[in-house]
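Anchor point for the sequence shown: position 15 equals 717 in our numbering, and the numbering is continuous, going up by one each time. Let me begin by presenting the structure, written as structure tokens, before commenting on it.
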Amino acid sequence: MNFQDLQIFLHLADTQNFAKTATQNYMSPSTLSRQIQRMEEELEQPLFIRDNRQVRLTEQGEKFLQFAKACLLYTSDAA
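Pasting the structure below:
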């Protein structure tokens, strides 16, 4: 997992919309979905609950959200 993965995760957590996040990150929704699935496999935890109408964070996703924000904040402060 890299910083771009964290940024995309944060964007999706914010928009709660695969199509919008994919478009704004210059990728297809299916590519975004695979990227999120890879992150979930790496973490061995589901980060999002997906259905036809909405996307929302799981409890583990909420915890990972705090981690991702802290990581990106730390790296921006260190630069």
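Ideal Cβ positions, reconstructed from N, Cα and C, are used throughout, including at glycine.
From the DSSP secondary-structure annotation, give me the bridge partner or partners of L695.
With the chain covering only 703 through 781, there is no way to say anything about residue 695.
Classify I751 as buried or exposed, calling it buried when 16 or more other Cβ atoms lie within 10 Å of its own Cβ.
exposed
Closer than 8 Å by C-beta to L734: which residues in its own chain qualify, once you throw out the five before and the five after it? Chain order, please.
I710, L714, F720, T723, A724, N727
Throw me the rounded Cβ distance for the Q747 and Q762 pair, which I believe falls under 8 Å.
Separation of the CB atoms of Q747 and Q762 is rounded to 4 Å, and the pair is thereby assigned contact status at 8 Å.
Is it right to say F705 is buried, meaning 16 or more other beta carbons lie within 10 angstroms of its own, or is it exposed?
exposed
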